[in-house]
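There are 2 protein chains.
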Amino acid sequence: MPETSKRGQIMPASPIRKLVPLANKAKERGVKVYQLNIGQPDLPTPQAGLDALKHIDRKVLEYSPSEGLRSLREKLADYYHRFNIDVDVDDIIVTTGGSEAVLFAFMACLDPGDEIIVPEPAYANYMAFAISAGAKIVTVPSSIDEGFALPPLEKFEALITPRTKGILICNPNNPTGYLYTMKEMLQIRDLVKKYDLFLFSDEVYREFCYTGAPYISAFHLPGVEQNVVLIDSVSKRYNECGIRIGAIITKHKELKQNVMKFCQARLSPPLLGQIVAEASIDAGADYMLMTYNEYVERRKFLIDGLNRIPGCYSPIPMGAFYTVVSLPVDDADRFCEWCLNDFEYEGATVFMAPASGFYTTPGMGKREVRMAYVLNKADLGHALKVLTEALRAYPGKTAEAPQ
Amino acid sequence: MPETSKRGQIMPASPIRKLVPLANKAKERGVKVYQLNIGQPDLPTPQAGLDALKHIDRKVLEYSPSEGLRSLREKLADYYHRFNIDVDVDDIIVTTGGSEAVLFAFMACLDPGDEIIVPEPAYANYMAFAISAGAKIVTVPSSIDEGFALPPLEKFEALITPRTKGILICNPNNPTGYLYTMKEMLQIRDLVKKYDLFLFSDEVYREFCYTGAPYISAFHLPGVEQNVVLIDSVSKRYNECGIRIGAIITKHKELKQNVMKFCQARLSPPLLGQIVAEASIDAGADYMLMTYNEYVERRKFLIDGLNRIPGCYSPIPMGAFYTVVSLPVDDADRFCEWCLNDFEYEGATVFMAPASGFYTTPGMGKREVRMAYVLNKADLGHALKVLTEALRAYPGKTAEAPQ
Numbered sequence: 001m002p003e004t005s006k007r008g009q010i011m012p013a014s015p016i017r018k019l020v021p022l023a024n025k026a027k028e029r030g031v032k033v034y035q036l037n038i039g040q041p042d043l044p045t046p047q048a049g050l051d052a053l054k055h056i057d058r059k060v061l062e063y064s065p066s067e068g069l070r071s072l073r074e075k076l077a078d079y080y081h082r083f084n085i086d087v088d089v090d091d092i093i094v095t096t097g098g099s100e101a102v103l104f105a106f107m108a109c110l111d112p113g114d115e116i117i118v119p120e121p122a123y124a125n126y127m128a129f130a131i132s133a134g135a136k137i138v139t140v141p142s143s144i145d146e147g148f149a150l151p152p153l154e155k156f157e158a159l160i161t162p163r164t165k166g167i168l169i170c171n172p173n174n175p176t177g178y179l180y181t182m183k184e185m186l187q188i189r190d191l192v193k194k195y196d197l198f199l200f201s202d203e204v205y206r207e208f209c210y211t212g213a214p215y216i217s218a219f220h221l222p223g224v225e226q227n228v229v230l231i232d233s234v235s236k237r238y239n240e241c242g243i244r245i246g247a248i249i250t251k252h253k254e255l256k257q258n259v260m261k262f263c264q265a266r267l268s269p270p271l272l273g274q275i276v277a278e279a280s281i282d283a284g285a286d287y288m289l290m291t292y293n294e295y296v297e298r299r300k301f302l303i304d305g306l307n308r309i310p311g312c313y314s315p316i317p318m319g320a321f322y323t324v325v326s327l328p329v330d331d332a333d334r335f336c337e338w339c340l341n342d343f344e345y346e347g348a349t350v351f352m353a354p355a356s357g358f359y360t361t362p363g364m365g366k367r368e369v370r371m372a373y374v375l376n377k378a379d380l381g382h383a384l385k386v387l388t389e390a391l392r393a394y395p396g397k398t399a400e401a402p403q
Numbered sequence: 001m002p003e004t005s006k007r008g009q010i011m012p013a014s015p016i017r018k019l020v021p022l023a024n025k026a027k028e029r030g031v032k033v034y035q036l037n038i039g040q041p042d043l044p045t046p047q048a049g050l051d052a053l054k055h056i057d058r059k060v061l062e063y064s065p066s067e068g069l070r071s072l073r074e075k076l077a078d079y080y081h082r083f084n085i086d087v088d089v090d091d092i093i094v095t096t097g098g099s100e101a102v103l104f105a106f107m108a109c110l111d112p113g114d115e116i117i118v119p120e121p122a123y124a125n126y127m128a129f130a131i132s133a134g135a136k137i138v139t140v141p142s143s144i145d146e147g148f149a150l151p152p153l154e155k156f157e158a159l160i161t162p163r164t165k166g167i168l169i170c171n172p173n174n175p176t177g178y179l180y181t182m183k184e185m186l187q188i189r190d191l192v193k194k195y196d197l198f199l200f201s202d203e204v205y206r207e208f209c210y211t212g213a214p215y216i217s218a219f220h221l222p223g224v225e226q227n228v229v230l231i232d233s234v235s236k237r238y239n240e241c242g243i244r245i246g247a248i249i250t251k252h253k254e255l256k257q258n259v260m261k262f263c264q265a266r267l268s269p270p271l272l273g274q275i276v277a278e279a280s281i282d283a284g285a286d287y288m289l290m291t292y293n294e295y296v297e298r299r300k301f302l303i304d305g306l307n308r309i310p311g312c313y314s315p316i317p318m319g320a321f322y323t324v325v326s327l328p329v330d331d332a333d334r335f336c337e338w339c340l341n342d343f344e345y346e347g348a349t350v351f352m353a354p355a356s357g358f359y360t361t362p363g364m365g366k367r368e369v370r371m372a373y374v375l376n377k378a379d380l381g382h383a384l385k386v387l388t389e390a391l392r393a394y395p396g397k398t399a400e401a402p403q
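See below:
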């Protein structure tokens, strides 16, 4: 039997999805599983998007252009202009979800052995895509005690080597919900400029900022317009994750050409998803406000509830729909598995993503989990109750205050 | 401005799509462009697939499982059983088009520097995906004079090094239309077994075999069940290329686990495409027969027509819907560009894929193009007329017989 690649062997299993088989087994046993592990909102897809499907009058569902439908790219340009992001249609390339945008950004910017610096905890799949590209993610730990603010810039600078090609930020942040301030963004800008690095900026959650503090796009930063590689997702924004539509936006001409070669190799992003995405962008302010208000409520409800559980601590997330929570347990990986395998309360259990998979520094996040507040308040309430009981019953609970 | 990756720089532009900007310019000038460059059939998507879209009653277009919807995988298993391919639901992983199946197969099997041997001409994007994975494609030239039959096995064996990890075949073949015989497949099997290699087998066009000779799947070969990595496309089969649904099929347990990590990183294949694909598999024998008969007619019409043009030669393709044609020109790349830039006949021109991009051996395919017979007979007739006139007018035509 031939041996598989070392790359495949060292690829981390997704911390978000690796416990799915255990969750499925729990469901087979008849246990209700509250899914806090994944950013799969239960909110409705815009009706305009669903209607667009019903009104398709094509006889052939053909390939789209490799860079995406022009009409969608035009709508996206208008959308970005509303956020004072000064990009042109030709700066926008449609991808198969934000996932492909990250993969192609790495493939087109990084060679094997190249390094990018990322504050951790960080979205776990960045690591997976970096391994796919043979590149190395170097992390700067941020701390739950400081609400996951940007670590001091000296810590980034200390990690710069001749192989450093970029800095990656996610703003608002997945998994922490942190929103970078203008001061922090300008610090990043200075570093990017000083070392002429790429600035990979994942801004998928820009619509979801809750504290009144402004969302700062990497494209708002003067002087690094050619360095910014903006990662976006349309499907995530409009509660239609399954349509798999994202975008990669850059003004760097050679980079655009390189990305297009990867796009041409995979021929076309999904046609149907593009049709739904285009209609969804017109969903209107009411729809976005409904979604936004719902997250505001859920966020308050979940975070308040978590911080009332003895030994639990969650900073108050400022954006996105995730939070990283410290739990009074010996090992959050073990605890999450235990919840699915060995525990139920009133016929239910909780499915959380162990935070260890969002760190590369060994031992970090050992007592943390990521939760997505993508369930309605009633379900979140039940989930909090189940979590409280699980923490009471778990054999590996710790009395000490969480770190 | 930061420098892009060498990987991106050496990535070949797709020979199928790189001339699209020239074609678009021709269209802007009002020229009718006959698109023979790309395997985008004009035949209708099955009505059952289109209807499935209209009947979607979901309120949320959510992620599917990373491995694809179970109901689709079950239908696919049944489908393969009809071809005596003995695979289980759990051997099937749904991908975003056949493209992603190739990428993930390479990522999960090959490390940077690893080699796979491929008869050429070969589907150009194999090269692109190999470069993405840092792997090396080593080619064995097949010859138009021998109808692109499998080159002698000694030529493969001579290229085997300690880094050789696999052999890749496409059967029926894109771009040549060649259909490998049982004798040839057993020769490949023997080599795969002797050196314990992966056998990547792209069998996207299995429904389209025209000569009565049987389609031999790599899974029909005894003794290499663990070595076979079957690449498939659902969207291509049912004239719905834009839905982006393919599959990777393997019985190699560790490989399945590795592929799943790449699948989890990109979260989910397109949900809507899976819904259409599932309905399309039920399109029925009538639909497939209609498609099949249409290609039989077009194939005969195109190949006869090509072989009547002075200096042109096309072998008779046995399967798929492509052929590689030798033209009486100095340089097919230049000729294809010239057709789009500088030529029209009665307001029309032809868009062909230069074959040089399907070879890695320098100089090979210099006078060849790939044509896809995905247009109706009337259009193919016009395209043949335009090609005839283009060959008369082209400044770089050659009198000599093509090689």
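Chains as they are written, first to last, in the working numbering: chain X, 1 to 403; chain U, 1 to 403. Note that beta-carbon positions come from the ideal geometry of N, C-alpha and C, so glycine has one too.
In this model, X:I10 and X:D90 are separated by some 37 Å (Cα to Cα). Identification of chain U residues near X:D42 by a Cβ-Cβ cut-off of 7 Å yields V60, ordered along the chain. By the C-beta criterion, the region 52-59 of chain U is judged not to be in contact with the region 285-296 of chain U, since fewer than 3 inter-stretch pairs fall below 8 Å. In the DSSP assignment, X:P112 falls outside any beta strand (DSSP E), carrying neither H nor E.
The C-beta separation of X:I131 from X:L168 comes to about 14 Å, leaving the pair out of contact by the 8 Å criterion.
The three-state secondary structure of X:Y205, taken from DSSP, is coil.
Residue state for X:R266 is assigned as coil, using DSSP reduced to three classes. For the pair U:R367 and U:V324, the CB atoms are not nearer than the 8 Å cut-off.
Taking a C-beta distance under 8 Å as the contact criterion, X:R308 and X:Y373 do not qualify as a contact pair. Around the beta carbon of X:A353, 16 or more other beta carbons lie within 10 angstroms, which makes this residue buried.
For U:T4, a Cβ of chain X is located within less than 8 Å of the residue's own Cβ. Per DSSP, U:A124 is one residue of the alpha helix (DSSP H) stretching across 124-132. For X:I243, the C-beta contacts it makes with chain U under 9 Å involve L61, P270, L271, L272, in order along the chain. Cβ neighbours of U:D331 within its own chain (closer than 7 Å, five residues either side excluded): K366, G396.
In the DSSP annotation of this structure, U:A348 is not part of any alpha helix (DSSP H); the continuous beta strand (DSSP E) holding it starts and ends at 348-351. DSSP places X:S326 in the uninterrupted beta strand (DSSP E) bounded by 322-326. Of all alpha-carbon atoms in U:V276, U:L272, U:Y295, U:R392, the one lying nearest the alpha-carbon of U:P328 is that of U:R392. Segment contact: the region 191-202 of chain X against the region 157-176 of chain X, three or more CB-CB distances shorter than 8 Å; contact assigned. Rounded to whole angstroms, U:L197 and U:N227 show a C-alpha spacing of 6 Å. Within 10 angstroms of the beta-carbon of U:E154 lie fewer than 16 other beta-carbons, which makes it exposed.
For U:R370, there is no enclosing alpha helix (DSSP H); the residue is part of the beta strand (DSSP E) that begins and ends at 368-372. Nearest to U:E3 by alpha-carbon distance, out of X:G273, X:N341, X:K256, X:E62, is X:K256.
Our two residues, U:F343 and U:G311, have alpha carbons roughly 19 Å apart in a direct line. Annotation: U:Q35 is outside any alpha helix (DSSP H); the continuous beta strand (DSSP E) that includes it extends over 32-35. Across the set X:K377, X:V118, X:Q35, the C-alpha of X:V118 shows the shortest separation from the C-alpha of X:A135. Remark: fewer than three beta-carbon pairs, one from each stretch, lie closer than 8 Å, so the region 62-81 of chain X and the region 82-96 of chain U are not flagged as touching.
With respect to the C-alpha of X:M107, the residue from X:C339, X:Q40, X:G381, X:F262 having the closest C-alpha is X:F262. Residues of the same chain with a CB within less than 7 Å of the CB of U:Y180, apart from the 5 flanking positions on each side, are L150, I169, N171, I216 in chain order. For the pair U:F208 and U:V94, the Cα-to-Cα distance works out to about 22 Å. With a threshold of 16 other beta carbon atoms within 10 Å, X:K75 meets it and is buried. With respect to U:S268, U:E240 sits apart: the two C-beta atoms are not nearer than 8 Å. Taking C-alpha positions only, U:M185 is separated from X:R7 by approximately 30 Å. Just measuring C-alpha positions, the residue of U:T176, U:F129, U:I137, U:M127 sitting nearest U:E146 is U:T176. Straight across, the Cα-Cα distance linking U:Y313 with U:I303 is about 9 Å. Using beta-carbon distances, X:E294 does not count as an interface residue toward chain U, since no partner is under 8 Å. Around the Cβ of X:M318, a 10 Å sphere holds 16 or more other Cβ atoms; the residue is buried.
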